[in-house]
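Here the protein sequences come in this chain order: A and B.
Residue 90 in full-length UniProt numbering sits at position 90 of the first sequence; the count goes up by one each step and never skips.
Residue 81 in full-length UniProt numbering sits at position 81 of the second sequence; the count goes up by one each step and never skips.
Notes for the one structure printed next.
There are 2 protein chains.
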Amino acid sequence: MKKSSQKYKFAAVAVDVVVFSIDNGELKVLLIEMKKKPYMGFWAVPGGLIKSDESLEQAAKRQLSAKAGLKNVYLEQLYTFGEVNRDPFGRVVSTAYFALIPSTGIKPKTSREYGDIRWFGVKNLPRLAYDHKNVISYALERLGAKIGYTNIVYGLLPREFTLSDLQKVYEIILSKKLDKRNFRKKVLSINLVKPASAKRGGAHRPARLYKFVKNRYHVVEIL
Amino acid sequence: MKKSSQKYKFAAVAVDVVVFSIDNGELKVLLIEMKKKPYMGFWAVPGGLIKSDESLEQAAKRQLSAKAGLKNVYLEQLYTFGEVNRDPFGRVVSTAYFALIPSTGIKPKTSREYGDIRWFGVKNLPRLAYDHKNVISYALERLGAKIGYTNIVYGLLPREFTLSDLQKVYEIILSKKLDKRNFRKKVLSINLVKPASAKRGGAHRPARLYKFVKNRYHVVEIL
DNA sequence: TCAAAAGTGTTCATGATACACCCATGT
DNA sequence: ACATGGGTGTATCATGAACACTTTTGA
C-alpha cells in the first residue's frame, strides 16, 4: 500500500508506555511533545523502537527510565497495535504498556530530542499523535477494571498512606464517591493492607498509616 | 547476543493463534506438527510472519483460514511475546490470539508445508515447540476468566443449542460441575439467550432450543 | 415399563448497601 | 471554641448456594 510499508521485510517493533500517576486529586498521564513533522506540536505517550537484544518489557522499562527517570514501577502489557497505517513513518507494530507511579517523585526528564514533557489530567488531554488517543483510553479502561479485582493501586501510592488516601485513589479513578465505612470495612477484611508504625499529623486529627501487605501484583476482590 | 538477532534492523513480527473448540466433551486445541529441525516432531499452534500490508488481526485471520479453513470466528488478542531468544530462527516478536470455534465444522487443512494437523485435548498436550506451552496456558487462563463475565461462549456453540449444551461448555472449561437449576435461573435472567423455534428430539425428552441474543462480544455478568 | 435427560422453586447464608454521629487535633 | 478530616456499627436488601422430584420421550 504505502511505499514505506513495503520497504522492510519485517515491520519495526516499538513500545509505548502510558504512565499514570495521581497528583493534586487528578489522574494524570505523562506526555511528550513531538518535534518532527507530521505531528509537530502534538503530544505522544513515551515510546520508541526496541533494540535487537532487549525484550519488549525491557524496552518499556528503558523508556520509563529514559523519559521519566523511573525504576521499579508497576508495569503491565496492555495491547499490541498492528494496523498497517498507524504510523506515517512506515510499518510499525507497537506494543503498549501501562505503568503506575506514586504521586511523589514525579520527575520527567526533558531531553534535546523531544520538546516538552509534562503531565496532563486524563480529562484534559491535548492533541495526541498517532493512535495514542485510543491507546490512552484503552489503558484507562483497563486500569478502571483492574483496580476492582487486583491490588495494583499499590503502584500509585507511597509506601505509607492513610485509608482516606487509598479511598481517594479509587474515587478518582472510578470518578465516583464511595462510602467511607463500607470502603474501610472491605479493605480491612481482605488482607490488602496492614497498619504501619506511626500516625500522620495534619492540621487535624492524625490518621493511622497503612502499607500494602504485598507490593507485587496479585488478585483480590476489592470492589 | 545471538548472531541471528543482530541480523535485522527490525525484529520479525509473527502471529500465533490458539484455536479452541469443544468436541466429545473435551476442550481441544488445534496443533500443527513441525517438520523443520530444532523442533521436528514437536507441535505448535498455527502461526506465521505477518505480511507488510496486513494488520496483526488480518494475519491471524489468514492463519485461521489457511490452516483450518475457518472464517467468522471469535478472535481476541491475547498477549505479545517479546523475549529475545524465544525463537531459534532469529528475533521474532509474536502476538498471540485466541479463537473459539463451534464443535461442528472442524475441518483442519493439511498442507505439504507442515506435517500433521490435529486436535488435542488441553489436558493431554503433546511436546510443544517454542514457548507455546506458555501461550496455551495463558489462553486457557483468559478463556476461563472471560466466560464468567462476557458472552464469548457463543463462539463455541452452534447457532442453536440447549441449555444443557451451554452448561456443559461451562463445566468443561471450568472443570467443575454446576448446579442445573441455578445455572438456568442465572442464564435466563440476563438476556443472554432467547428461545429458538423448535425443540430437539433425542432418545429422551426433547429439549427446548435457544440461540444467543447477540452473536457479538459483549460484557455480561454470568457466573 | 424403563432408562435418560429435561424441567422446575424454595430456603438459607452471605455479602453489599445505606446511613449519622463522636473524636482528636491545630489554630 | 471551632473547623477539619478521622474513625466507627447496625439494619436492610439482594444475590449466590444448596437441594429433589416430576415430566417427557424412545426403546
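We put the CB at the ideal spot given by N, CA and C, even for glycine.
query = Along chain A, which residues have their Cβ under 9 Å away from the Cβ of B:V18?
reply = Taking the first residue of the second sequence as 1, we reach residue 18 of chain B at position 18. The contacting residues do not exist; B:V18 stays about 15 Å from chain A at best.
message = Judging by CA-CA distance, which residue of A:K211, A:A203, A:L75 is the nearest neighbour of A:S197?
response = Indexing the first sequence from 1 puts residue 197 of chain A at position 197. For A:S197, the nearest C-alpha among the options comes from A:K211.
query = Can the beta-carbon of B:G90 be found closer than 8 Å to that of B:L27?
reply = By one-based count along the second sequence, residue 90 of chain B stands at place 90. By one-based count along the second sequence, residue 27 of chain B stands at place 27. No, the pair does not count as a contact, with Cβ atoms beyond the cut-off.
ask   = Taking the alpha-carbon positions, what's the A:N134 to B:A203 distance?
value = Here residue 134 of chain A refers to the residue found at position 134 of the first sequence. Here residue 203 of chain B refers to the residue found at position 203 of the second sequence. For A:N134 and B:A203, the distance between alpha carbons rounds to 53 Å.
inquiry  = On the criterion of 16 or more Cβ atoms from any shown chain inside 10 Å, does B:I190 qualify as buried, or is it exposed?
reply    = Locating residue 190 of chain B in the second sequence gives position 190, where the first residue counts as 1. Under this definition B:I190 is an exposed residue.
message = Quick check on the burial criterion: 16 or more other C-beta atoms within 10 angstroms. Buried or exposed for A:M40?
response = In the first sequence, the residue the question calls residue 40 of chain A occupies position 40. Exposed, by the Cβ-count rule.
task = Verify the CB distance criterion: does B:S52 have a CB-CB separation below 8 Å to chain A?
result = Stepping through the second sequence from its first residue, residue 52 of chain B is reached at position 52. Closer than 8 Å: yes.
B:V169 to B:R205 span [Cα, whole Å] = Along the second sequence, read from residue 1 onward, the residue named residue 169 of chain B stands at position 169. Along the second sequence, read from residue 1 onward, the residue named residue 205 of chain B stands at position 205. In a straight line, the C-alpha of B:V169 is about 21 Å away from that of B:R205.
request  = Under 7 Å between beta-carbons, which chain A residues line up against B:Q63? List them in chain order, please.
outcome  = Within the second sequence, numbered from 1, the residue matching residue 63 of chain B stands at position 63. Neighbours of B:Q63 on chain A: none; closest Cβ ~14 Å, over 7 Å.
query = Considering B:V135, what are the terminal residues of the alpha helix (DSSP H) in which it resides?
reply = As a first step, residue 135 of chain B is located in the second sequence; it is residue number 135 there, counting from the start. That run of the alpha helix (DSSP H) goes 132-146.
inquiry  = Could you tell me the alpha carbon to alpha carbon distance between A:Y74 and A:P38, rounded to whole angstroms?
reply    = As a first step, residue 74 of chain A must be located in the first sequence, where it is residue number 74. As a first step, residue 38 of chain A must be located in the first sequence, where it is residue number 38. Cα to Cα, A:Y74 sits roughly 32 Å from A:P38.
query = Could you check where the beta strand (DSSP E) with B:D23 kicks off and where it finishes?
reply = Against the second sequence, residue 23 of chain B aligns to sequence position 23. Segment 12-23, the beta strand (DSSP E) holding B:D23.
ask   = Buried or exposed: where does B:D23 fall if 16 or more other Cβ atoms within 10 Å of its Cβ makes it buried?
value = Looking up residue 23 of chain B in the second sequence gives position 23. Flag for B:D23 reads exposed.
query = Leaving out the 5 sequence neighbours to the left and right, which residues in its chain are closer than 6 Å to B:A59 when beta-carbon positions are compared?
reply = Taking the first residue of the second sequence as 1, we reach residue 59 of chain B at position 59. The residues are V15, I50.
Beta strand (DSSP E) segments (min. 3 residues) lying fully within the stretch 31-93 of chain B = 47-49, 74-81
inquiry  = Quick check on A:K7: buried or exposed, where buried means 16 or more other Cβ atoms within 10 Å of its Cβ?
reply    = The residue you call residue 7 of chain A lines up with position 7 of the first sequence. Note that A:K7 has pLDDT 39, beneath the 50 cutoff, so the model's placement of it is unreliable and the number below is only indicative. Flag for A:K7 reads exposed.
ask   = For A:R216, which beta-bridge partners are listed by DSSP?
value = To locate residue 216 of chain A, count along the first sequence from 1; it is residue 216. Note: A:R216 sits in no beta bridge, so no partner.
ask   = Excluding sequence positions up to five away, which residues of its chain have a Cβ less than 7 Å from the Cβ of A:R159?
value = Locating residue 159 of chain A in the first sequence gives position 159, where the first residue counts as 1. The residues are K211.
message = Could you check whether the Cβ of B:L163 sits closer than 8 Å to any Cβ belonging to chain A?
response = Mapped onto the second sequence, residue 163 of chain B falls at position 163. It does not; no Cβ of chain A falls within 8 Å.
ask   = Under a Cβ-count criterion, where at least 16 other Cβ atoms within 10 Å of its own Cβ denotes burial, should A:K61 be classed as buried or exposed?
value = Here residue 61 of chain A refers to the residue found at position 61 of the first sequence. So A:K61 ends up on the buried side.
Neighbourhood of A:D116 by C-beta, 8 Å cutoff - its chain only, sequence neighbours within 5 removed = Position 116 of the first sequence, counting from 1, holds the residue named residue 116 of chain A. Contacts found: I32, E33, T110.
ask   = Closer than 8 Å, CB to CB, is B:R91 near chain A or not?
value = Position 91 of the second sequence, counted from the first residue, corresponds to residue 91 of chain B. Chain A, which has a Cβ nearer than 8 Å to the Cβ of B:R91, makes this yes.
key: Exposed unless 16 or more other CB atoms sit within 10 angstroms - verdict on B:K3   = Numbered from its first residue, the second sequence carries residue 3 of chain B at position 3. Here B:K3 scores only 36 on pLDDT, less than 50, and its place in the model is too uncertain to base an answer on.
message = Helix, strand or coil for A:E26? Go by DSSP, reduced to three states.
response = Along the first sequence, read from residue 1 onward, the residue named residue 26 of chain A stands at position 26. Residue state, collapsed to three classes: strand.
inquiry  = Counting only Cβ pairs nearer than 9 Å, list the residues of chain A close to B:V84.
reply    = Taking the first residue of the second sequence as position 1, residue 84 of chain B is located at position 84. Simply S52, D53, E54, S55, Q58.
ask   = Could you give the uninterrupted runs of the beta strand (DSSP E) lying entirely in the stretch 149-216 of chain A, keeping only those of 3 residues or more?
value = 193-200, 207-212
key: Within chain B, the residues that A:F98 reaches when beta carbons sit closer than 8 Å   = In the first sequence, counting from the first residue as 1, residue 98 of chain A sits at position 98. Per Cβ cutoff of 8 Å: no residues; A:F98 is ~14 Å from chain B at best.
query = According to the Cβ coordinates, are A:V13 and A:F98 closer than 8 Å?
reply = Within the first sequence, the letter at position 13 stands for residue 13 of chain A. Within the first sequence, the letter at position 98 stands for residue 98 of chain A. The answer is no: Cβ separation not under 8 Å.
request  = Starting from B:Y74, find everything on chain A with Cβ-Cβ shorter than 8 Å and list it in chain order.
outcome  = Within the second sequence, residue 74 of chain B is the residue found at index 74, counting from 1. Per Cβ cutoff of 8 Å: no residues; B:Y74 is ~17 Å from chain A at best.
is_contact[A:T80, chain B] using C-beta, thresh 8 Å = Against the first sequence, residue 80 of chain A aligns to sequence position 80. It does; some Cβ of chain B falls within 8 Å.
query = Do B:L156 and B:L102 come within 8 Å of each other at the CB atom, strictly closer than that value?
reply = If you number the second sequence from 1, residue 102 of chain B lands on position 102. If you number the second sequence from 1, residue 156 of chain B lands on position 156. The identity of residue 102 of chain B in the sequence shown is Pro, whereas the question assumes Leu. Yes, the pair counts as a contact, with Cβ atoms nearer than the cut-off.
inquiry  = For residue 224 of chain A and A:L209, what's the separation of their Cα atoms in angstroms?
reply    = There is simply no residue 224 of chain A to check, as chain A begins at 1 and stops at 223 in what is shown.
task = Reducing DSSP to helix, strand and coil, say where B:L223 ends up.
result = For this step, residue 223 of chain B is matched to residue 223 along the second sequence. In the structure shown, B:L223 sits in coil (DSSP, three-state: anything other than H, G, I, E or B).
inquiry  = Contact criterion: CB-CB distance below 8 Å. Does B:A11 meet it with respect to chain A?
reply    = For the purposes of this step, residue 11 of chain B is taken as the residue at position 11 of the second sequence. Judged by the 8 Å Cβ criterion, B:A11 is in contact with chain A.
query = Which residues in the same chain as B:L140 place their Cβ atom closer than 7 Å to its Cβ, once the five residues preceding and following it in sequence are excluded?
reply = For the purposes of this step, residue 140 of chain B is identified with residue 140 of the second sequence, where counting begins at 1. Here the set comprises V122.
ask   = Quick one: does A:T95 have its CB under 8 Å from some CB of chain B?
value = In the first sequence, the residue the question calls residue 95 of chain A occupies position 95. For A:T95, the answer is yes, since a Cβ of chain B falls inside 8 Å of its Cβ.
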